[in-house]
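Accompanying notes for the structure given below.
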Amino acid sequence: MSVSIQLEVNDESYQVDVEPGTTLVELLRERLHLTGTKEGCGEGDCGTCIVLVNGAPVNSCLMLAVDAQGCRVTTIEGLATDGKLHPLQQSFIENGAIQCGFCTPAMILSAKALLDHNPRPSEEEIKQALSGILCRCGSYQKIVEAVRAVSGRVDPLRGTPGQPD
Amino acid sequence: MKADALYVGKEIPRIDGLDKATGRAVYSVDVNLPGMLYGSVVRSPFPHAKILRIETSGALRIPGVRAVVTGKDFPFLFGALIQDQPFLAIDKVRYVGEPVVAVAAETELTAQEATDRIRVEYEGLAPVFDPQQASAEGAPLIHEHLEDYFHSDCQILPKTNICSLHAYSSGDMDLGWKESEEIFEDEFFIHAVAHSPMEPHAAVAQYGPSSEEFTLWSATDRPYRLAQDLVKALDISFDKVRFISTFSGGSFGGKGALVAEGLAVALARFTKGRPVKVVYSREEELTASQTRHGALVRLRTGVKKDGTLVARKANVLWDNGAYCGFGPNVARRGSRTVFGPYRIPHVELISHLVYTNKQPGGAYRGFGTTQMTWACEAQMDIMAEKLGLDPLEIRMRNAYVEGDLYINGQVLRSVGLKETLERASRAIGWGKSESRKSGTNVRGKGLATTIKGTSTPTDSACFIEVAPDGAITILSSSVKIGGGQKTVLAQIAAETIGVPLSSISVPNPDTRLTPFDFGVSSSRTTYHMGNAVRRAGEKIRERILEIAGEILATDPACLKLSEGKILKEGAGEQLSLKALLAKKFGSKGGTLLEAGYYTPEKSSLLEAPPDRKGMSSIFWMFATHAAEVEVDTETGRVNVLRIAAAHDVGRAINPVGCEQQIEGAVILGLSNTLFEEFKLEDGRVLNNTLADYKIASTLDIPKIIPILVESPHPEGPFNAKGIGEPAAAPTAPAIASAIFDAVGVRIKELPITPEKVLVALREKGQR
């Protein structure tokens, strides 16, 4: 028995029928074809499936799609605006924070959520904010550097550049 | 080395960064084809059992099920060196998690429901988990007919569980012991760990019923090797197998064998042309893929009182798990590194690789070197302490230098070992006395070093094609597993040809279109594929200058190609490459295409006595890690404060890429050493989630100081060697060395858990 839900993903609205057991990551990847969100364990342990729901990082494998009714979801595909990369995307590329890239979307989105409410986090705060995402390539040191490089450039009143909200 | 290099040696952001930062990179788990079915697998609940009966009718009755396949339906064996592994168990199972029946269905859920309806009856057999017990006389045989398997490059012992025996000696052991002033005997253990890439194993396979061709979409790091494994297993010709590479979400050696691929192939054979996707769950990843081989190492080492090494006998017992994969190669090539990067006149090695009823071992970053470095370096510290030498001093005294002979007689070139020792130790303030104790925490420093060769000789080939507008494509089968391979190859091509980096693209491999490569393994891509790209690039540059000479009516020797512009000696820019090609091809189109092929087979650098030449490596990598730790004497907890990691890379084509490899490997090494261990009960992995099998997170990382040492290699592309594999090897012994320096306890068995440290501290207190 499917349920009809309405949600906003990357500033586009969707109305979809989902099964009650469908998770948000399944909806995003299989129905909306947004495969930038990765599923590394399906159990909420690895964090690679993190997306932003109403601006907050959420393990999309642990959230049912029906619970996203009326929510605003941001995935990695929605981060660049008008073809311009988000400063965090740019910084990850420039600072060598990407190896295999499988955890990169989750890392960037979690870092965005952090900077949006804490524009100048300490190194410890960055590490805490990203500690739920595992990276087996071990890019952590450069990821923290990439986030720091952006944090200095953020206007504390307006949030992360490129994101008017 | 060109002084005016534009791309080589530069910190160039990786060219696949944009795809990865925007979520556009397609990994194996993202492949989605029209008509695609989903696979699910029934796995063995027993470590060792006979299969009496398989009842599949319940599964076949479920609507949406398209194929149910057992080992009897697809009765083939695969294996890179010993063909011992069925795609699906035949007659018996040999580890908990072994695939027994596979199902393909319209949806993932239907496939899983169908597997739940399959009944398998087993009759238990005595299992054996410990390699010492497995190699003892009378142990239950895991493969009763070992001698019947097709095998190459390894010595099997029929009617035993020993699937590979390797012995080597050089010098005169009797003389060695006689000349030794002190003899040390120690035993070390290093445990199995999971590769656990963030992207689990996944593959899509499609079988063309009329073409009889298998096409695979997979993230393997060795597409040609896996194609070869399938060709051998199914006894089909090479043109019937095609691997299309996706981006890879991490391998660390674990994606170099048929894992999800084998199951997808077995299913696809029965789905009438519809593709089948198999994605491993995290539980399957942790329990039924591959592991690092565990190893027990016994060392007997003779030294002079001043620390000079004289003789070493090493006895290595490798825990192979249920099937071989690359095991025999790990056991042979890995074991030899037990002699470390040191001059030892008299050496003797005996290595046994032993089947056990556990998840199979496989290639793991370091390919055996990590295991041997643990033993070798731990004993170096023990000897240093007894002889009253500084750990740095004993290593400097014995370290290989340029021109030394390796244990097989090969003359060593490009040896930056001592510089790695000096610079890593200096970076953590070696020898400086600092405040060591605060409360229950005590600080200490330690170091360890390693040597690693590359599989030799192995081949790489590529094509470079120039489109009529000057866009350049490198067609190569070097897979992008996350090490920056694309970027390094593009840098080498841009530098060699004389074009902007932005004009070069490196598509993912497809074995039907991109030529042979041995694989992204053995730290070999920069050197081997880099050389192939350089050769093809040189031909392309010559061809372009030849055309420019014709069009400009000038001697090509007076022309130069730089950043895509044709320059004339003394006259500056004549025209762009794009304009040149427009003149050459006009509106009808055309192409410039050259091949580059590289094998070190004939290199004089490999020279050694004929019977030992097989041990020569075309390049040797050296590294030293120096660690500072803090040990809490109350809890036994070890906190690693900083690790300086100095690596001799020959020449860093891309220094950021090298730093990524070093930092990542230090974290992998630290995680393996302090956190990771399989908890087994009757052969079953109990910690089968990432909550229970802990790997390092951002909260666990020390300050890492990567140091690049450049001892130019005479035949490397722009003098480069490799970096990926040795990077994790010295981390564990460096940490153990620092723990001893801090609190005076010696851990000889990995992993280093707080419990072990506490027990050792208590034992020390009682002495």
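In order, the protein sequences belong to chains L and S. Sequence positions in the first sequence follow numbering that gives the first Met the number 0 and run 0 to 164. Sequence positions in the second sequence follow numbering that gives the first Met the number 0 and run 0 to 766. Glycine included, every Cβ here is placed at the ideal spot set by N, Cα and C.
Spatial neighbours of TYR341 (chain S) in its own chain (CB-CB distance under 6 Å, excluding positions within 5 residues in sequence) are listed in chain order as LEU308, ASN397. Among the bridge pairs identified by DSSP, LEU591 (chain S) is matched with S:VAL465. Around the CB of ASN53 (chain L), fewer than 16 other CB atoms lie within 10 Å, so the residue is classed as exposed. When DSSP reads this structure, HIS150 (chain S) sits in a beta bridge with S:ILE81. Restricting attention to alpha helix (DSSP H) runs no shorter than 4 residues, the stretch 81-142 of chain S encloses them at 107-115, 130-133, ordered along the chain. Contact between GLY443 (chain S) and VAL742 (chain S) holds: their C-beta atoms lie close to 7 Å from each other, under 8 Å.
Fully contained in the stretch 246-314 of chain S are the following beta strand (DSSP E) runs of length 3 or more, in chain order: 275-278, 293-302. LEU51 (chain S) carries a strand assignment under DSSP once its states are collapsed to helix, strand and coil. Boundaries of the alpha helix (DSSP H) around MET395 (chain S): 390-397.
Secondary structure at PHE187 (chain S): strand, using DSSP grouped into helix, strand and coil. Taking 7 Å as the threshold, the shortest C-beta distance from ARG281 (chain S) to chain L falls below it.
According to the DSSP assignment, LYS559 (chain S) belongs to the beta strand (DSSP E) that extends over 558-561. For ALA66 (chain S), no Cβ of chain L is located within less than 7 Å of the residue's own Cβ. Taking 7 Å as the cut-off, the beta carbon of HIS150 (chain S) is found no closer than this to the beta carbon of ASN356 (chain S).
Burial of SER195 (chain S) is indicated by the presence of at least 16 other C-beta atoms within 10 angstroms of its C-beta. Within the same chain, LEU63 come within 8 Å of GLY20 (chain L) by CB-CB distance, once the 5 residues on both sides are set aside. Taking C-beta atoms as the reference points, ALA113 (chain S) and ALA58 (chain S) count as a pair closer than 7 Å. In this structure, DSSP gives PHE242 (chain S) an extended state, which the three-state scheme calls strand. Taking CB atoms only, LYS83 (chain L) has no neighbour in chain S less than 7 Å away.
Residue contact check for GLN88 (chain L) against chain S: a CB pair falls below 7 Å.
Apart from the 5 residues on each side of it in sequence, GLY175 (chain S) sits with its Cβ closer than 7 Å to the Cβ of GLY301, VAL309, ALA310, PRO344, HIS345 in its chain, given in chain order. Note: GLU572 (chain S) is bridge-paired with S:LEU566 in the DSSP secondary-structure output. Residue burial is scored here from C-beta neighbours: VAL400 (chain S) has fewer than 16 other C-beta atoms within 10 angstroms and is therefore classed as exposed. Setting aside the 5 residues that flank it on each side, LEU707 (chain S) is surrounded in the same chain by HIS646, VAL648, ALA651, PRO654, CYS657, each with a C-beta closer than 7 Å to its C-beta; the list follows chain order. At least one beta carbon of chain L lies nearer than 7 Å to the beta carbon of GLY16 (chain S).
Take ALA759 (chain S), set aside five residues on each side of it, and the residues of its chain with a beta-carbon closer than 7 Å to its own are VAL744, ILE746, in chain order.
A distance below 6 Å between beta-carbons, with the five flanking residues on each side excluded, links VAL277 (chain S) to the following residues of its chain, in chain order: GLY38, ALA202, ALA259, LEU262, ALA263. Per DSSP, reduced to three states, the secondary structure at TYR139 (chain L) is helical.
Of the candidates S:PRO555, S:ALA695, S:LEU576, S:ALA578, S:PRO555 places its Cα closest to the Cα of LYS567 (chain S). In summary, LEU23 (chain L) is buried, with 16 or more beta-carbon neighbours lying within 10 Å of its beta-carbon over all protein chains present. Under the Cβ criterion of 7 Å, GLY481 (chain S) is counted among the residues facing chain L.
Only exposed fits PHE237 (chain S), as fewer than 16 other CB atoms lie within 10 angstroms of its CB. The Cβ atoms of GLU593 (chain S) and ALA535 (chain S) sit closer than 7 Å to each other. Here PRO499 (chain S) is near GLY563 (chain S), since their CB atoms are less than 7 Å apart. Residue pairing from DSSP places ILE706 (chain S) in a beta bridge opposite S:ALA645.
Here THR74 (chain L) is buried: its Cβ has 16 or more other Cβ atoms, across all protein chains shown, within 10 Å.
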